[in-house]
Amino acid sequence: MSGPIQLAEHFFRQQSGQLIATLTRRFGTHNLEVVEDAVQVAFMQALQSWGRRGQPVDPEGWLFRVACNATLDSLRRRQRWQTKIGPALQELQMDESAPGGGLRADFPCESEIDDDRLQLLCLCCHPQLSVESQVAFALRMTCGFSTVEIAKALLSETETMQRRLTRAKETLRNAVDPLSRQDFISGQLPSVLRVVYLIFNEGYNSCDADQSIREDLCEEALRLGGLIARHSAGDTPPTRALMALMVFQSARFAARLQSPNEPVLLPKQDRSRWDRALIGEGVRWLRSAAEGDELSPYHLEAAIAAEHCLAPRFEETPWLRIVERYDLLMQIQPTPIHQLNRAIALAYAHGPQAGLKSLLDINWDDVPRNYFLFDAALGELHRQVGQFELAQHHLRRALSLNPPRAERQWLHSRLAAAKNGCAEPPV
Amino acid sequence: MIKYLFVYRNPQDDAQPSAEEIQAALEHWGQWIGKYSASGNIVDGGDGLKASGRVIRHGGLISDGPFAESKEVLGGYSVIAARNYEEALQIARECPCLMSEGSIEIRELAGFN
Numbered sequence: 001m002s003g004p005i006q007l008a009e010h011f012f013r014q015q016s017g018q019l020i021a022t023l024t025r026r027f028g029t030h031n032l033e034v035v036e037d038a039v040q041v042a043f044m045q046a047l048q049s050w051g052r053r054g055q056p057v058d059p060e061g062w063l064f065r066v067a068c069n070a071t072l073d074s075l076r077r078r079q080r081w082q083t084k085i086g087p088a089l090q091e092l093q094m095d096e097s098a099p100g101g102g103l104r105a106d107f108p109c110e111s112e113i114d115d116d117r118l119q120l121l122c123l124c125c126h127p128q129l130s131v132e133s134q135v136a137f138a139l140r141m142t143c144g145f146s147t148v149e150i151a152k153a154l155l156s157e158t159e160t161m162q163r164r165l166t167r168a169k170e171t172l173r174n175a176v177d178p179l180s181r182q183d184f185i186s187g188q189l190p191s192v193l194r195v196v197y198l199i200f201n202e203g204y205n206s207c208d209a210d211q212s213i214r215e216d217l218c219e220e221a222l223r224l225g226g227l228i229a230r231h232s233a234g235d236t237p238p239t240r241a242l243m244a245l246m247v248f249q250s251a252r253f254a255a256r257l258q259s260p261n262e263p264v265l266l267p268k269q270d271r272s273r274w275d276r277a278l279i280g281e282g283v284r285w286l287r288s289a290a291e292g293d294e295l296s297p298y299h300l301e302a303a304i305a306a307e308h309c310l311a312p313r314f315e316e317t318p319w320l321r322i323v324e325r326y327d328l329l330m331q332i333q334p335t336p337i338h339q340l341n342r343a344i345a346l347a348y349a350h351g352p353q354a355g356l357k358s359l360l361d362i363n364w365d366d367v368p369r370n371y372f373l374f375d376a377a378l379g380e381l382h383r384q385v386g387q388f389e390l391a392q393h394h395l396r397r398a399l400s401l402n403p404p405r406a407e408r409q410w411l412h413s414r415l416a417a418a419k420n421g422c423a424e425p426p427v
Numbered sequence: 428m429i430k431y432l433f434v435y436r437n438p439q440d441d442a443q444p445s446a447e448e449i450q451a452a453l454e455h456w457g458q459w460i461g462k463y464s465a466s467g468n469i470v471d472g473g474d475g476l477k478a479s480g481r482v483i484r485h486g487g488l489i490s491d492g493p494f495a496e497s498k499e500v501l502g503g504y505s506v507i508a509a510r511n512y513e514e515a516l517q518i519a520r521e522c523p524c525l526m527s528e529g530s531i532e533i534r535e536l537a538g539f540n
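Quick note, the sequences are listed as chains C and V, same order.
So in this note's numbering, spot 359 of the first sequence is number 359, and the numbers just go up one at a time.
So in this note's numbering, spot 41 of the second sequence is number 468, and the numbers just go up one at a time.
Here it is as structure tokens:
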């Protein structure tokens, strides 16, 4: 009946997302908290029982059964039973002693699970929640992250995160139940893609978060992206483009670290360590994203990532093409970050003077003042055009904004060069 | 060999372990049970216990229980065979129950000596 513990990596995390999604669909979004607690009860019971008896033949079914019954128990205790949902769900109570039989009928099939999970992800991106809450809530509900893990991943305090999640649940409890709406997924798709994009970026670019959490975030974002792309309502060109972008970035993930704690910046990365299979996959996603006439920011960001991935050496990066992509990106999504990146590409393509000119055109009112890269770029380009005083000012400021380690080392070397009056581009 | 009942108690804790922590703990349990099953020390791995049940007392008074006042909750049991308490304690020291700040009560079964 049971065997040794052999679980796929992140089994419980993934089960958490699936169970919360399936049970929320069945019991309604106003019972989200009940469902969340029931899933935790099922996990604790699994820990107690499987630990001693071994893993059941059908662990997913076991958890589903126990979580479902725990939800029902809890609802009965709340005495909403008779008025709200009782009669319809009476037959749901499942025989927990049944070894898998008799329950399959109720256990959702794969496509239903996908649909439930995507609906839940859409719910997490509810328009009444702030984008920050959407991201945190999606990590909690669809990815099975604990509050502590989310706080760690998003560089926030556990208590702050706890409050944020509680508030989000309250908001949703009082919101109209959107799961009944047919067009819910299509309507929510832009926010859902943005949340997936932010989760990925948080993992890919986060300065201080612990490495394993960062990889988990990227992995989760890819999984969610795949989930969206598999669904008929989610499989759109922007979805595919976002997948392309994330896959290209992932291809470079390993090469960004020399040893566990030594990050390597793009020019110095060993390109033979880039994952060719993933780059190929990215190209396929990007190609399939070109169907139709929609051009999203994800298309352009993916195309830029592709140029980097496909350049055999850093010196062969096609900067002119990259600048063109940024030009288009600035047309459809003019943000200071894109403009900064465009200026850097421009400096590589046409020299530091052109880059600096473009950088100084940025509307500084919109710039996130604590983002070190603006000062880093200003400092380095001032140095390359021989304005060493200004260069030092900006490089010092960049260093004061708590940049990640690799960037910190780089900034120190640029600062030293500026002090010595050296305008040579870095080797 | 003497048979011992291992009674596992877990701290009554509001802080719930994360999905990843549960998985890690479970894998740890699997290793522990595997190791001592192979050595023949585990007579019966036992089971976990659900959080609540019933208590019936003299006179037929039935109540829901156990009562949550205690600092530890009864989490499960196993039956272990060992030469003596020393060996039983040695096995218990490696048990994941202790890693999660729980305790193990070890009692010799009276009838099998």
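For glycine and all other residues, C-beta sits at the position ideal for the given N, C-alpha and C.
One or two residues paired with residue i in a DSSP bridge
| i | result |
| --- | --- |
| F541 (chain V) | Since the first and last residues shown for chain V are 428 and 540, residue 541 (chain V) lies out of range. |
| R481 (chain V) | V:D491 |
| E499 (chain V) | V:P438 |
| G355 (chain C) | DSSP lists no partner for G355 (chain C). |
| G386 (chain C) | None; G386 (chain C) has no bridge partner. |
| G3 (chain C) | C:Q55 |
Presumed contact (8 Å Cβ cut-off) between residue i and residue j, rounded CB distance
| i | j | result |
| --- | --- | --- |
| L536 (chain V) | Y431 (chain V) | 7 Å |
| A221 (chain C) | F200 (chain C) | 4 Å |
| R408 (chain C) | L415 (chain C) | The pair is not a contact, with the Cβ atoms about 10 Å apart (cut-off 8 Å). |
| G473 (chain V) | Y504 (chain V) | 4 Å |
| L120 (chain C) | T24 (chain C) | 6 Å |
| G475 (chain V) | Q48 (chain C) | 2 Å |
| I279 (chain C) | F248 (chain C) | 7 Å |
| P108 (chain C) | G54 (chain C) | With a Cβ gap of about 26 Å, P108 (chain C) and G54 (chain C) do not count as contacting. |
| M141 (chain C) | I20 (chain C) | 5 Å |
Boundaries (first-last residue) of the alpha helix (DSSP H) holding residue i
| i | result |
| --- | --- |
| I322 (chain C) | W319 to I332 |
| S464 (chain V) | A446 to A465 |
| S413 (chain C) | R405 to K419 |
| H338 (chain C) | P336 to H350 |
| E513 (chain V) | Y512 to R520 |
| T109 (chain C) | Thr is not the amino acid found at residue 109 (chain C); the sequence shown has Cys there. Neither: C109 (chain C) is in no alpha helix (DSSP H) and is coded neither H nor E. |
| A302 (chain C) | P297 to L310 |
| C524 (chain V) | P523 to M526 |
Contact under 7 Å by Cβ, residue i with residue j
| i | j | result |
| --- | --- | --- |
| C143 (chain C) | V192 (chain C) | no |
| A376 (chain C) | H382 (chain C) | no |
| P523 (chain V) | A478 (chain V) | no |
| I322 (chain C) | I304 (chain C) | yes |
| I362 (chain C) | Q339 (chain C) | yes |
| R256 (chain C) | P263 (chain C) | yes |
| P318 (chain C) | E307 (chain C) | yes |
| Q384 (chain C) | P425 (chain C) | yes |
| V57 (chain C) | A42 (chain C) | no |
| Y463 (chain V) | I531 (chain V) | no |
| A446 (chain V) | R13 (chain C) | yes |
| A251 (chain C) | C309 (chain C) | yes |
| A508 (chain V) | M428 (chain V) | yes |
| W456 (chain V) | G51 (chain C) | yes |
| R163 (chain C) | A136 (chain C) | no |
| S358 (chain C) | L346 (chain C) | yes |
| S74 (chain C) | V39 (chain C) | no |
| S288 (chain C) | R240 (chain C) | yes |
| L411 (chain C) | L395 (chain C) | yes |
| C218 (chain C) | G234 (chain C) | no |
| N437 (chain V) | G502 (chain V) | yes |
First through last residue of the beta strand (DSSP E) which encompasses residue i
| i | result |
| --- | --- |
| V283 (chain C) | No beta strand (DSSP E) contains V283 (chain C), which is instead part of the alpha helix (DSSP H) from R276 to A289. |
| D365 (chain C) | Taken as a continuous stretch (DSSP letters only), D365 (chain C) belongs to no beta strand (DSSP E), as it is neither H nor E. |
| D474 (chain V) | I469 to G475 |
is_contact[residue i, chain B] using C-beta, thresh 7 Å
| i | result |
| --- | --- |
| L47 (chain C) | The displayed structure is made up of protein chains C and V, and chain B is not among them. |
Quiz item: Hey, which unbroken runs of the alpha helix (DSSP H) at 4 residues or more fall wholly within the region 136-214 of chain C?
Solution: Listed in chain order, the alpha helix (DSSP H) runs fully inside the region 136-214 of chain C are 147-153, 158-174 and 184-205, counting runs of at least 4 residues.
Quiz item: For the region 27-65 of chain C, which segments carrying the alpha helix (DSSP H) assignment without a break, of at least 4 residues, lie completely within its bounds, in sequence order?
Solution: The region 27-65 of chain C contains these whole alpha helix (DSSP H) runs: 32-53.
Quiz item: What runs of the beta strand (DSSP E), each 3 residues or longer, lie entirely inside the region 222-272 of chain C?
Solution: Within the region 222-272 of chain C, no complete beta strand (DSSP E) run reaches 3 residues.
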